[in-house]
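Asks: My questions all concern the structure below.
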Amino acid sequence: MKRFERKIQHLNSALSLNREFDNGLDDVRFVHRSIPDLSIDEVSINTKIGELNLSSPIFINAMTGGGGERTARINRQLARVAKECQIAMAVGSQMAALKDSDEEHSYRVVREENPDGIVIANLGSEASVDQAKKAVEMIEADAIQIHLNVIQELTMPEGDRNFCGALTRIESVMKALNVPIIIKEVGFGISRETARQLFDIGVSIIDVGGTGGTNFAEIENDRRDQKLLFFNEWGIKTAASIIETSQEPTVSIISSGGLRDSIDVAKSIALGASSAAFAGKFLKTLVSKGEEALMKEIEQLEYHLKFIMTALGAKTIKDLQKAPVVISGNTYHWLHERGIETKTYSNRTING
Numbered sequence: 033m034k035r036f037e038r039k040i041q042h043l044n045s046a047l048s049l050n051r052e053f054d055n056g057l058d059d060v061r062f063v064h065r066s067i068p069d070l071s072i073d074e075v076s077i078n079t080k081i082g083e084l085n086l087s088s089p090i091f092i093n094a095m096t097g098g099g100g101e102r103t104a105r106i107n108r109q110l111a112r113v114a115k116e117c118q119i120a121m122a123v124g125s126q127m128a129a130l131k132d133s134d135e136e137h138s139y140r141v142v143r144e145e146n147p148d149g150i151v152i153a154n155l156g157s158e159a160s161v162d163q164a165k166k167a168v169e170m171i172e173a174d175a176i177q178i179h180l181n182v183i184q185e186l187t188m189p190e191g192d193r194n195f196c197g198a199l200t201r202i203e204s205v206m207k208a209l210n211v212p213i214i215i216k217e218v219g220f221g222i223s224r225e226t227a228r229q230l231f232d233i234g235v236s237i238i239d240v241g242g243t244g245g246t247n248f249a250e251i252e253n254d255r256r257d258q259k260l261l262f263f264n265e266w267g268i269k270t271a272a273s274i275i276e277t278s279q280e281p282t283v284s285i286i287s288s289g290g291l292r293d294s295i296d297v298a299k300s301i302a303l304g305a306s307s308a309a310f311a312g313k314f315l316k317t318l319v320s321k322g323e324e325a326l327m328k329e330i331e332q333l334e335y336h337l338k339f340i341m342t343a344l345g346a347k348t349i350k351d352l353q354k355a356p357v358v359i360s361g362n363t364y365h366w367l368h369e370r371g372i373e374t375k376t377y378s379n380r381t382i383n384g
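When we follow this note's numbering, the leftmost residue of the sequence shown carries the number 33, and every step to the right adds one.
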C-alpha cells in the first residue's frame with residue numbers, strides 16, 4: 033500500500049472509531065477555594081514550552097498531511113483556525129512529503145495560511161538530520177516534533193520492526209537543528225524512565241501523548257487480518273503520564289491524549305503540564321461542523337479555563353501548576369505502585 037493511501041485510511045479511522053477511552057483525569061479533583069480573591073479580568077493564560085512563548089496553553093496537535101488534496105484541505109482549514117485563534121499548530125508526519133515531493137503542498141498550506149503563527153514540523157524517530165532539516169524548511173517551522181510510535185508501528189501491517197538507535201538519532205537532530213525539539217508519544221504515554229532518557233540527552237519539551245485519545249493500535253488493528261488486540265489496551269493514561277514525566281522538573285510538558293474540555297486542560301496543568309494539545313476532538317468538530325464551529329470551541333475552552341483559574345485563585349498558568357488537587361482511583365493506585373508520592377499535590381498552595 034502506498035503511503036498516501038495509508039494516510040487516508042488513518043484519517044477515516046480516526047473519524048469513524050468512536051470508542052471512548054479513560055485518560056485518568058477523572059481521578060483528579062481540585063481542592064475548592066471559597067475566597068480566591070481574584071477577578072477573571074486579571075487572569076492570564078499566556079504560557080511557555082521550552083523556548084516557545086504561547087498566548088494560550090491550547091494548541092492544535094499533529095493530525096495529517098501527505099494524503100493528497102483531502103489532507104491539504106484539512107491542514108489549510110486548521111491553519112486558518114490557528115491563525116484566527118492565535119494558537120500554535122503541529123502538522124502530521126512529513127515523511128510522506130520527504131518520500132514524495134508531490135505531497136509537500138499538503139503541508140506547505142499551513143504556513144501559507146498562517147505566515148506569522150507558530151507552526152511545528154513533525155517526523156518519526158527514524159528521521160535523519162537531513163530529513164529533519166528539510167521538514168523544518170518545508171513549512172518554515174518554529175519547532176519540530178519527533179514522534180515515538182513503537183506500538184503503532186508494531187501493530188501496523190507494514191510497520192517498522194527495528195527500533196534500534198532512536199535515542200542517538202534524536203540527539204543528533206537536537207544538536208544539528210536551531211529550533212526547539214519536542215518529543216511526542218502518539219498515544220501510549222511517557223514513563224519517568226523514558227523522560228529521564230530524553231532529559232539526559234538534552235530534551236526540554238515532552239508531549240506525553242497518553243492513552244485516552246486516538247488509539248493508533250486500534251486504528252492499525254482495523255487494517256490487520258490477524259489482530260494484535262493486546263495492544264488496544266496498552267499504555268500509560270494521560271494523567272499518570274504527566275506526573276511520571278514531571279519527575280524531571282526542568283522539562284516542559286505538553287498534555288495530550290483524549291483531552292475533552294477545559295477542566296481536563298486545567299487538571300493537566302495542575303499535574304505539571306504547561307500546555308494542552310487537541311487532535312481528534314478538533315478534527316471531528318472541523319469535519320462535521322466547519323471552521324467557525326471549531327474557532328468557537330477553542331474560544332470557549334480558553335474562556336472556561338479562565339473561569340476555573342478564577343475559582344482557584346490562579347492568576348497565571350504558573351499559579352495553576354501549584355493548585356492543590358487530590359488524586360484517587362486507578363491513577364492513585366498506579367502512582368502509589370510506581371513510588372510517586374501524591375500528597376505533595378494535595379497539600380500545596382498557590383501562594384505557598
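Just so you know, even glycine gets a beta-carbon here, dropped at the ideal spot from N, CA and C. All values reported here derive from a predicted model rather than from experimental measurement.
Taking the alpha-carbon of residue 119 as reference, which of 101, 148, 61, 67 has the nearest alpha-carbon?
Replies: Start at 1 with the first residue of the sequence shown, and residue 119 comes out as number 87. Residue 119 has its Cα closest to that of 148, out of 101, 148, 61, 67.
Asks: If you draw a straight line from the alpha carbon of residue 171 to that of residue 139, how long is it in whole angstroms?
Replies: Numbered from its first residue, the sequence shown carries residue 171 at position 139. Numbered from its first residue, the sequence shown carries residue 139 at position 107. In a straight line, the C-alpha of residue 171 is about 7 Å away from that of residue 139.
Asks: How about the stretch 342 to 355 and the stretch 62 to 78: do they share at least three Cβ pairs that are nearer than 8 Å?
Replies: Contact between the stretch 342 to 355 and the stretch 62 to 78 is present, because at least three Cβ pairs lie under 8 Å.
Asks: What are the start and end residues of the alpha helix (DSSP H) that includes residue 177?
Replies: Position 145 of the sequence shown, counted from the first residue, corresponds to residue 177. Where residue 177 is concerned, there is no enclosing alpha helix (DSSP H), although the beta strand (DSSP E) it sits in stretches over 175 to 180.
Asks: Which residue's Cα is closest to the Cα of residue 291: 115, 66, 90, 128?
Replies: Position 259 of the sequence shown, counted from the first residue, corresponds to residue 291. 90 is the residue among 115, 66, 90, 128 whose C-alpha sits nearest the C-alpha of residue 291.
Asks: Compute the Euclidean distance between the alpha carbons of residue 201 and residue 121, then round it to the nearest angstrom.
Replies: To locate residue 201, count along the sequence shown from 1; it is residue 169. To locate residue 121, count along the sequence shown from 1; it is residue 89. So the two alpha carbons sit approximately 24 Å from each other.
Asks: Tell whether a beta-carbon distance below 9 Å holds between residue 82 and residue 281.
Replies: Your numbering for residue 82 matches position 50 in the sequence shown. Your numbering for residue 281 matches position 249 in the sequence shown. Taking 9 Å as the Cβ cut-off, residue 82 and residue 281 do not qualify as a contacting pair.
Asks: Flag this pair as yes or no: are the beta carbons of residue 150 and residue 199 separated by less than 9 Å?
Replies: Position 118 of the sequence shown holds residue 150. Position 167 of the sequence shown holds residue 199. Result no, Cβ atoms of residue 150 and residue 199 do not sit closer than 9 Å.
Asks: By the 10 Å Cβ neighbour count, where 16 or more other Cβ atoms means buried, how is residue 353 classified, buried or exposed?
Replies: Translated into the one-based positions of the sequence shown, residue 353 becomes position 321. The residue in question, residue 353, is buried, as its Cβ has 16 or more Cβ neighbours within 10 Å.
Asks: Would you list the residues sitting across from residue 217 in a DSSP beta bridge?
Replies: In the sequence shown, residue 217 corresponds to position 185, counting from 1. In the DSSP output, where bridge partners are listed per residue, residue 217 has 180.
Asks: What number of angstroms, rounded off, separates the C-alpha of residue 218 from the C-alpha of residue 72?
Replies: Locating residue 218 in the sequence shown gives position 186, counting from the first residue. Locating residue 72 in the sequence shown gives position 40, counting from the first residue. Their Cα atoms are separated by approximately 35 Å.
Asks: Please check the pair residue 294 and residue 337, which I expect to be a contact at CB under 8 Å, by giving their CB distance rounded to whole angstroms.
Replies: Position 262 of the sequence shown, counting from 1, holds the residue named residue 294. Position 305 of the sequence shown, counting from 1, holds the residue named residue 337. Contact holds; Cβ gap of about 5 Å.
Asks: Output needed for residue 275: all residues of its chain with C-beta closer than 7 Å, excluding positions within five of it in sequence on either side, in chain order.
Replies: By 1-based counting over the sequence shown, the position of residue 275 is 243. Within the same chain, residue 275 has close Cβ partners 303, 304, 367, 372.
Asks: Counting Cβ pairs closer than 8 Å, one from the stretch 305 to 314 and one from the stretch 252 to 262, do we hit at least three?
Replies: no
Asks: Report the residue ranges of all beta strand (DSSP E) runs contained in full by the stretch 322 to 368; include only those spanning at least 3 residues, in chain order.
Replies: Annotation note: the stretch 322 to 368 contains the following uninterrupted beta strand (DSSP E) runs of length 3 or greater, listed N- to C-terminal: 357 to 359.
Asks: Of all the options 263, 169, 185, 233, which has the alpha carbon lying nearest to the alpha carbon of residue 130?
Replies: Taking the first residue of the sequence shown as 1, we reach residue 130 at position 98. The shortest C-alpha separation from residue 130 is found at 169.
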